[in-house]
Each structure stands twice: as structure tokens, then as C-alpha cells.
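The structure under discussion appears below in the form of C-alpha cells.
This is the structure:
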């Protein structure tokens, strides 16, 4: 049997269901940036039920880096509030598996690993507010230049819960000084996608020593008249999960998000009951 | 020893700490509407830890009636993200205790009932958006007339989680037709306080047969040119908790809310770490 492969360009005008179907049958394994425009994309954390209460408490206490947009029943691979036909074991194009806090493997299907006690927590992601910035003619440098957003460990303490604690990871986007208020106002409309910036200006004020040396992602140029603006980053909960050294924890791979049926500008991230 | 009593009027210009202190020492047992203006007031649900994960899942799936603004550690009577010095066993002026889903008693201190496995979940309340409507010259009839807001069981199904399920309870406020869009826009800014209305107009469309016969609270007049507007109500989670017949569940008494240190218009309901 030859497996038909689907190109990124084939999926550009596809619905969330169509993109997830291509991923589920294994014909698309690429990143999801720019796909299913206008729909919510999600960071993923899949963990054993006995850690789920503390993890939800942690997310509630740190809503800017960890905006919860969906939580599964224990052992249930569906996420009916995010999509009509989501199977979280197969509908993400790349997963990362961690055991005892150590990276174990990157795979494109976790059906074999699924157990009755796993809980999926879906978290909002920055694609949502970046799309809104672009629609309002605010430049987003890493998108313009085809790079990954630069991410930095800050010195901002997170509110702990159970085994979960640490420092906030932030993203940086250079914004023209005259557009900072507008960028703040626009991103604040998306509390499910990290909300308003957590800081503006001097990187040292939040413990970043060198903006040209991001801890993850790519450095980007800050042009004359631009100011670095920092947002809470979805890598935060991933780091915190790893540091907690859970026996098993599964996340999406960076850029390979879960695409939901929910509109990214919906008032809540919950699909109504059918 | 004579216990000094504090009058409502004595507390009108008090801080949240001062109001909670008066409640804690037993000198004030009244309602909290209008106290600590500008600060978040909260509905309360205190329940055994083994039900907390499902209850948080239920709240996540029903964010408009159940906006979570704080969750305690198990057995911890403090809520540090909501206030510096909250003791949830004594800082609410009246509590209702339910056993196996049946009302057991109304008391003003739950220290004797506290156990190591209780979890407090604090939920946003409608005071927040009502204050915002009033500030914008939108009339709120039940406040004008010194009554309780009328509340109705709707036919809107809630998204279930574990033992928690049921129908949404809604409040009704008559709004002048010309101000409905503004009322919607203002309340939508407060997702932690039930957000935008869930319906406008015909009560039958959401299963309400007679607006003059509320299930809880008081009927209010709908004047010429006004339209009934419905918001999700914090009585919803209380009903759902009772229907789940937990061995023990403690709530605030209606109108006797927890007053937090958090500003009601803050971007998140989390106080920064000190």
C-alpha cells in the first residue's frame, strides 16, 4: 500500500476537520501555522489523571502562560467542546513523549501509548493574537522573515501548585513604538491566547540578558523605532511539566498544534452542545 | 464578653481586608452587595478533593455560569491568588452546608467542619458587570428597587463532567431596547463575571414560561421599551453540586460573598506574587 501524502499547500483552504483527517490518516505530518485560518489552535499537555487536578490548579493560577481551552474526561481521547470529531491520539501531526521528565521520542500517533487514566489539557496559543496583530497592520517580525518566534526564560516566578512551579517563558516581538498601545489592546482581547503583554522594553527588567540569544526559537532584528514587547509563552507549561518529572507526559511538537473547530475570536472556547 | 457588632454602613468605605476582618471576628454577618467597591466578589463551592477534578472540568466546559476565579490547595484554607490574608473558614458572613445534596445548616463559620481534603473553588459573580452597567448609565431594575435579581431555570443543557450536569440557571434584567448592544458589549468585557448575555427577548425560547414567577429571587417590572435580557447565573453550579449529592458541600449564602483583594476590572483574577 502506498500512503498518499498531502502537501501543506493542499491544506491551505481546508476546514479543521479536513486538516485533522489528513493528519489522522498519516498523510500530513507538517506544521499547522496558517492552516484553518480563523480557528483556534492549541498547545497540548497529556498527563496521568493523578496529576491533573494540580495541573489545572497551576493553569488557573498562571492564566497568561497557561490559558486552558479544553480538558478531556480521564481516558477519553475525544475533546467534544473543541471539535466534533477530535481523536487526540492521532489528530496532531507530531507528538513529543517524555518519561520521568526526560525526552523519550517524537512520534506522529500516540494510540499505542494511550491508557485509561490519561487526561488531555489543551491550552491556547499565540497564533490567535498574532493573526489579530497582522489583520491590524502591526508587523510580526518572525512571521515576516519566516522564522520561529524567539523565546526566553524570564525571572518571573510562576504561582506554584503541587509539583508544578518554575519561571515564566516569554516570547519577544519587536513592535513600532507608536503601535505598542494598539498591540496591547488587541492582544488583551484574547485571554485564551496569552492576553496582553507581560512586559515592554528593557529585557534585563525580566531577567533576559541578551535578546540576540533566545533560549528557544530564532533571534529577530529589532529595527530603529521598535521596542521589544514580551508575551507569556505556551512553552512555560511544557517546561513546568518536564521539571515535575511525571512518569509520562505527552505534548505536541512545537508548531504542530491541535486545530479546533472553535473560532479563535469566539467569546468562549466551548462549542455548543449539538 | 460582649461581641461588638459592625453595621453595614460602617463598612461602606472599608477595604476588602477590613470587611473580611469584621466578618472573621463575627461582628458583621450581613450581605456584601455594595461593599469594597471595585473589588471582585466571589461565589463559593467547597467540596471534597476527590470531586474537584470533575468539578473543575465542569466549570471549564461551562465558563459562562461557572467562571473560576480561584482554587485552593487541598485542605488549605487560604486563597493567596485572591487575597493576602483570606481564611475561607471564617471570612464569609454566611455559609450553607449540604450533606448528600440536602441542606443541613446555615452557619457563619465553618472552622469546625474543615478537613484536610476540602478544596475551595471561587467563582465570579454578577455584581462585577452590574457595577459596570450602572457606571455606564444602564439601569439595573432589581438594584433600583432594592430587590433580589430574578433567577430562572432555563432549558439550556450544561456540558456534563463526571457527576455534574443539569440545566443553566439564568438571571433576567430588563434593559431599554436602545441600550442592549451597549449592555452586551460592557458585560462581555467581564468573562470572569458571566460575560455577555446568553439570550435576549422571548423567555419561551430558553424554556421560561412566566417572567413574573422567578424560581429564585424577586420578580421585577419590565417597562415599556424594555426587553428582558438573560445572563448565566452563579446559582447554576450550586444546583449542579446539590444534584450531584456529594457527601459534603459548602457554599456561601446568597448575597454573602467572599470579597477578594483583586480589582474587578483586572485582566486576570490572580494577585501577583509578593
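Chains as they are written, first to last, in the numbering used here: chain A, 1 to 274; chain B, 1001 to 1274. All C-beta atoms, glycine included, are put in the ideal place defined by N, C-alpha and C. Note that the structure is predicted; figures quoted are calculated from it, not measured.
In the DSSP assignment, residue 259 (chain A) falls within the unbroken beta strand (DSSP E) covering 258 to 263. Boundaries around residue 1176 (chain B) are those of the beta strand (DSSP E), 1167 to 1176, since no alpha helix (DSSP H) includes it. Bounds of the alpha helix (DSSP H) holding residue 59 (chain A) are 52 to 61. Note on geometry: alpha-carbon atoms of residue 1018 (chain B) and residue 1092 (chain B) lie some 13 Å from one another. Taking the Cα positions, residue 175 (chain A) is about 30 Å away from residue 58 (chain A). Going by DSSP, residue 129 (chain A) is part of the alpha helix (DSSP H) stretching over 127 to 135.
In summary, the residues of the stretch 179 to 200 of chain A whose CB is separated from some CB of chain B by less than 8 Å are 188, 191, 195 and 196, in the order they occur in the chain. As DSSP reads the structure, residue 196 (chain A) sits in no beta bridge. Each of B:1223, B:1180 and B:1167 was checked against the Cα of residue 1064 (chain B), and the nearest Cα belongs to B:1167. Straight across, the Cα-Cα distance linking residue 1220 (chain B) with residue 53 (chain A) is about 41 Å.
Counting C-beta atoms within 10 angstroms of its own C-beta, residue 1039 (chain B) has 16 or more neighbours from the protein chains shown and is therefore classed as buried. Spanning the alpha carbons of residue 1191 (chain B) and residue 1200 (chain B) requires a straight line of approximately 18 Å. Taking 7 Å as the Cβ-Cβ cut-off, the stretch 80 to 112 of chain A approaches chain B at 81, given in chain order. In this model, residue 5 (chain A) and residue 23 (chain A) are separated by some 10 Å (Cα to Cα). Just so you know, the alpha carbons of residue 1236 (chain B) and residue 1150 (chain B) end up roughly 14 Å apart. Cβ neighbours of residue 214 (chain A) within its own chain (closer than 7 Å, five residues either side excluded): 150, 151 and 152.
Within the same chain, and ignoring the five residues on either side of residue 142 (chain A) in sequence, the residues whose Cβ sits closer than 8 Å to its Cβ are 148, 149, 150, 173, 217, 218 and 220. The C-beta of residue 116 (chain A) has fewer than 16 other C-beta atoms within 10 Å across all chains shown, which makes the residue exposed. For residue 48 (chain A), the closest of A:137, A:35, A:128 and A:99 by C-alpha to C-alpha distance is A:99. Contact of residue 1063 (chain B) with chain A is assigned, a C-beta pair being separated by under 8 Å.
Neighbours of residue 1138 (chain B) in chain A, taken as residues at a C-beta separation under 8 Å, are lacking, since the least C-beta distance is about 19 Å. Among the residues facing chain A, residue 1157 (chain B) is included, as its CB has a counterpart in that chain under 8 Å away. In this chain, the beta strand (DSSP E) harbouring residue 119 (chain A) covers 118 to 124. Within the model, the alpha-carbon separation for residue 1157 (chain B) versus residue 62 (chain A) is close to 30 Å. Within 10 angstroms of the beta-carbon of residue 1240 (chain B) lie 16 or more other beta-carbons, which makes it buried.
Taking a Cβ-Cβ cut-off of 7 Å, the neighbours of residue 1270 (chain B) in chain A comprise 61, 63 and 159, given in sequence order. Burial is judged here by how many other beta carbons sit within 10 angstroms of a residue's own beta carbon; residue 1016 (chain B) has at least 16 and is buried.
Under DSSP, residue 1228 (chain B) takes part in a beta bridge, and its partners are B:1174.
What residue 122 (chain A) touches in chain B, judged by beta-carbon distance under 7 Å, is nothing: the nearest beta carbon there is about 10 Å away. A check of alpha carbon separations from residue 1012 (chain B) across B:1034, B:1021 and B:1029 identifies B:1034 as the nearest.
Within chain B, no residue has its beta carbon less than 8 Å from that of residue 21 (chain A); the closest one is some 25 Å off. At a cut-off of 8 Å between beta-carbon atoms, residue 68 (chain A) makes contact with chain B. In the DSSP assignment, the residues bridged to residue 1042 (chain B) are B:1124 and B:1258.
Scanning its chain for C-beta atoms nearer than 6 Å, with the 5 sequence neighbours on each side dropped, one finds around residue 1229 (chain B) the residues 1173, 1175, 1197 and 1200, in chain order. Residue burial annotation: residue 1111 (chain B) is exposed, with fewer than 16 other C-beta atoms found within 10 angstroms of its C-beta.
For residue 1155 (chain B), the three-state secondary structure derived from DSSP is strand.
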